[in-house]
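Single-structure report; data block below.
In our numbering, the protein residues as written are 199 to 327.
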C-alpha cells in the first residue's frame with residue numbers, strides 16, 4: 199500500500215490501536231447513554247425494555263459520538279494516518295455487522311456511521327493542517 203510506504207510497523211500498530219480505542223470509546227458512550235436513559239430519563243422499566251431500546255439507540259449514539267471522535271483523530275494524526283484509522287475502524291465495524299445478520303435498517307445506519315466518520319476524519323485532518 200502506498201499510504202504505508204513511509205510508516206514503521208510500530209506506527210501502523212499505533213494507528214490500529216487508535217482505531218480500536220475510538221471504537222471502545224464509542225461503545226462506552228452508548229453504555230453511558232443507556233445508564234443515563236435508564237436512571238434519569240425513562241425509569242421504572244424491566245431489563246427487556248432497556249435492551250430493546252439500546253438496540254435502537256446504539257447506532258445513533260455511534261453516529262453522534264463518532265463525528266467528533268473521528269474529527270479529533272484526523273486533527274491529531276493528519277490525513278494519511280486518519281484514513282488508516284478509519285479503514286481499520288470500518289473493517290472491524292463491517293466484520294461485526296456481517297457476523298450479526300443485519301437488517302437493512304442496521305446496514306443503512308452503519309453506512310451512514312462510516313460515511314460520517316470518514317468525512318469527520320478528513321475534515322479534522324484538514325483543520326489540523
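In this text, a Cβ means the ideal position worked out from N, Cα and C, and glycines have one as well. Quantities reported herein were computed from a predicted structural model and do not represent experimental measurements.
Residue i: first and last residue of the uninterrupted alpha helix (DSSP H) it sits in
| i | result |
| --- | --- |
| residue 268 | 245-275 |
| residue 235 | Element bounds for residue 235: n/a, residue is neither H nor E. |
| residue 314 | 302-326 |
Reference residue i, options the options, closest by Cα
| i | options | result |
| --- | --- | --- |
| residue 285 | 272, 209, 217 and 242 | 217 |
| residue 303 | 233, 229 and 255 | 255 |
| residue 204 | 298, 268, 314 and 279 | 279 |
| residue 307 | 288, 237, 281 and 319 | 288 |
| residue 219 | 264, 317, 231 and 309 | 264 |
| residue 301 | 281, 273 and 253 | 253 |
Contacts around residue i, its chain only, beta-carbon distance under 6 Å, and the 5 residues preceding and following it disregarded
| i | result |
| --- | --- |
| residue 283 | 213, 216, 217 and 271 |
| residue 277 | 323 |
| residue 318 | 265, 268 and 269 |
Close Cβ partners of residue i (< 8 Å) along its chain, the five nearest in sequence each way excluded
| i | result |
| --- | --- |
| residue 211 | none |
Practice prompt. Inspect the CB distances between the segment 221-240 and the segment 252-266 and report whether three or more fall short of 8 Å.
Written response: A contact exists between the segment 221-240 and the segment 252-266.
Discussion item. For the pair the segment 232-250 and the segment 284-299, tell me if three or more CB-CB distances fall below 8 Å.
Written reply: Touching, no.
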